[in-house]
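In terms of full-length UniProt numbering, the sequence shown is residues 1 to 339. We put the CB at the ideal spot given by N, CA and C, even for glycine. Below is one structure, written out as structure tokens; comments come after it.
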Amino acid sequence: MPIPLTIVMYHYVRPLEASRYPRLKAMDLERFRGQLDYIQRHYQVVSMEQVIAASRGERDVLPAHPLLLTFDDGYRDHHDHVLPLLSQRSMQGSFFPPACAVLERRVLDVNKIQFILASVEDPGVLVDCIFSAMDEARAHYGLEPNHVYFSRLSSDSRYDDPPTTFVKRALQRELPEDFRQQLTEGLFSQYVTSDEKAFAEELYMSEGQLRHLLEAGMFIGSHGDQHYWLNSLDHAHQVKEVDRGLRFLEALGAYRDDWVMCYPYGGYDDSLLSILRARGCALGLTTEVALADLTVNDPLTLPRIDTNDLPTDVEAPTPMGFEGRGRERLSAAGSKETS
Ligand SMILES: [Zn+2]
Numbered sequence: 001m002p003i004p005l006t007i008v009m010y011h012y013v014r015p016l017e018a019s020r021y022p023r024l025k026a027m028d029l030e031r032f033r034g035q036l037d038y039i040q041r042h043y044q045v046v047s048m049e050q051v052i053a054a055s056r057g058e059r060d061v062l063p064a065h066p067l068l069l070t071f072d073d074g075y076r077d078h079h080d081h082v083l084p085l086l087s088q089r090s091m092q093g094s095f096f097p098p099a100c101a102v103l104e105r106r107v108l109d110v111n112k113i114q115f116i117l118a119s120v121e122d123p124g125v126l127v128d129c130i131f132s133a134m135d136e137a138r139a140h141y142g143l144e145p146n147h148v149y150f151s152r153l154s155s156d157s158r159y160d161d162p163p164t165t166f167v168k169r170a171l172q173r174e175l176p177e178d179f180r181q182q183l184t185e186g187l188f189s190q191y192v193t194s195d196e197k198a199f200a201e202e203l204y205m206s207e208g209q210l211r212h213l214l215e216a217g218m219f220i221g222s223h224g225d226q227h228y229w230l231n232s233l234d235h236a237h238q239v240k241e242v243d244r245g246l247r248f249l250e251a252l253g254a255y256r257d258d259w260v261m262c263y264p265y266g267g268y269d270d271s272l273l274s275i276l277r278a279r280g281c282a283l284g285l286t287t288e289v290a291l292a293d294l295t296v297n298d299p300l301t302l303p304r305i306d307t308n309d310l311p312t313d314v315e316a317p318t319p320m321g322f323e324g325r326g327r328e329r330l331s332a333a334g335s336k337e338t339s
């Protein structure tokens, strides 16, 4: 008997129109409310503790049509907008803040890139900036011609147009590391703000706010320390990331016997999984887009669906895969391409 489970992944949830960055790819608060209505009609929201028990073979702990709500990256949105709505409905959410964003008040590169993109009307402007920086740095880094990068990096995105896709991939991982970091810094201070610390204060939850989540019965798991692609690190560096993430949970009072890892960018490998097993990690959440089945999936590599894969209108039709067939792939077709 399959044990199907829908795990939904959220990032930003905010009243978009009223916010300073209405172009940010975020789930609008009203649409989120509509999505919770839809979820309440078709699913039963379960807690992380129930999912952990079910993954260990306690089949009766999950109701029919179970759904787990997960929120990545520790945004203040989650405290200010998500927590009140979940509390009203007696739903548990699971939250995964990277330690460095909370403790060091540094803006993650991935977030810098999102806000750079949200600050310009035409992403082509950013492509031009990156191209001219590449022209200057070409000899030093031995870069290929600009058009080669553009055609390689701009295609096949589930959500974004080609210029946006290029900017994200070039700055996130394709250009040489120190070069893309400098480039991201420069664009962030040019288009967003030069006061990174103040921006981080506004963007991420504080330790106090995370404690509010715990007091309200929410679950907090690990998203590592520096929000690295963990599968790109060597074993020793992976150990450091995992242990720093755990110390952070411990200091918050969120570390219990069972803990859960959510992989930044969905990146993991065998070496990382062995570290997690040695530390008694109960579940691991990836970004593979599928419905989970606890009888089929390795508990350390559970797939999730994106919020954009679920309707935001309570009257929308019953979800696909709902009959409990379990781990079938969702296609991007029909989803709102807004993440
Ligand atoms: Zn993340």
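Asked                                                                                                                                                                        : Found
Grouping DSSP H, G and I as helix and E and B as strand, with all else coil, what is Leu-302?                                                                                : strand
Ordered along the chain, which non-local residues of its own chain (more than five positions away) have a Cβ less than 7 Å from that of Ile-3?                               : Ala-54, Arg-59, Leu-62, Asp-293, Leu-294, Thr-295
Rounded to whole angstroms, what's the CA-CA distance from Thr-301 to Leu-117? Just pull it up for me.                                                                       : 31 Å
Tell me, to the nearest whole angstrom, how far the beta carbon of Cys-100 is from that of Asp-306; I am working on the premise that it is less than 8 Å.                    : The pair is not a contact, with the Cβ atoms about 24 Å apart (cut-off 8 Å).
When the distance is taken between beta carbons, is Tyr-141 closer than 8 Å to Phe-179?                                                                                      : yes
Give me the pocket residues for ligand 1, defined as CB within less than 6 Å of any heavy atom, sorted by chain position.                                                    : Asp-72, Asp-73, His-223, His-227, Pro-264
Using only the alpha-carbon positions, how far apart do Leu-85 and Val-13 sit?                                                                                               : 11 Å
Out of curiosity, what's the CA-to-CA distance linking Val-46 and Gly-284?                                                                                                   : 17 Å
State the Cα-Cα distance for the pair Leu-246 and Tyr-255, rounded to the nearest angstrom.                                                                                  : 7 Å
How long is the line joining the alpha carbons of His-235 and Glu-196, rounded to whole angstroms?                                                                           : 31 Å
Between the segment 214–233 and the segment 93–109, do three or more beta carbon pairs fall short of 8 Å?                                                                    : yes
Can you tell me which residues form a DSSP beta bridge with Ile-7?                                                                                                           : Leu-68
Are the segment 209–216 and the segment 75–89 touching, with three or more C-beta to C-beta distances below 8 Å?                                                             : yes
I need the boundaries of the alpha helix (DSSP H) containing Gly-245, first residue and last residue.                                                                        : 235–252
I need the straight-line Cα distance from Asp-72 to Pro-98, nearest angstrom please.                                                                                         : 9 Å
How long is the line joining the alpha carbons of Glu-174 and Val-127, rounded to whole angstroms?                                                                           : 14 Å
List the endpoints of the continuous alpha helix (DSSP H) containing Asp-34.                                                                                                 : Per the sequence presented here, residue 34 reads as Gly, with Asp not at that position. Here the alpha helix (DSSP H) through Gly-34 covers 29–42.
Return the CA-CA distance between Ala-316 and Tyr-38, expressed in angstroms with no decimal places.                                                                         : 8 Å
Taking the alpha-carbon positions, what's the Ser-194 to Glu-201 distance?                                                                                                   : 14 Å
So what's Ser-222 in DSSP terms, helix, strand or just coil?                                                                                                                 : strand
What are the uninterrupted segments assigned as alpha helix (DSSP H) that are 4 or more residues long and contained completely in the segment 134–192, given in chain order? : 146–153, 162–169, 177–191
Using only the alpha-carbon positions, how far apart do Leu-143 and Glu-136 sit?                                                                                             : 10 Å
Can Asp-28 and Leu-36 be called in contact, C-beta distance under 8 Å?                                                                                                       : no
With 16 other CB atoms within 10 Å as the buried threshold, where does Glu-215 fall?                                                                                         : exposed
For Gln-172 and Val-107, which I take to be in contact (beta-carbon distance under 8 Å), what is that distance rounded to the nearest angstrom?                              : In fact, because the Cβ distance is near 14 Å, the residues do not count as touching under 8 Å.
Would you mind stating whether residue 340 and Val-120 have Cβ atoms separated by less than 8 Å?                                                                             : With the chain covering only 1 through 339, there is no way to say anything about residue 340.
List the endpoints of the continuous beta strand (DSSP E) containing Ser-94.                                                                                                 : 93–96
Taking 8 Å as the CB-CB limit, is Leu-276 close to chain D?                                                                                                                  : Included in the structure is just one protein chain, with no chain D present.
So, with DSSP's three-state summary, where would you put Leu-24?                                                                                                             : coil
For Ser-151, count neighbouring Cβ atoms within 10 angstroms of its own Cβ and tell me buried if that reaches 16, exposed if not.                                            : exposed
Could you tell me the alpha carbon to alpha carbon distance between His-79 and Leu-203, rounded to whole angstroms?                                                          : 11 Å
DSSP three-state call for Tyr-255: helix, strand or coil?                                                                                                                    : coil
Taking Glu-241 and Leu-233 to be in contact with their CB atoms under 8 Å, please state how far apart those CB atoms are, rounded to whole angstroms.                        : 7 Å
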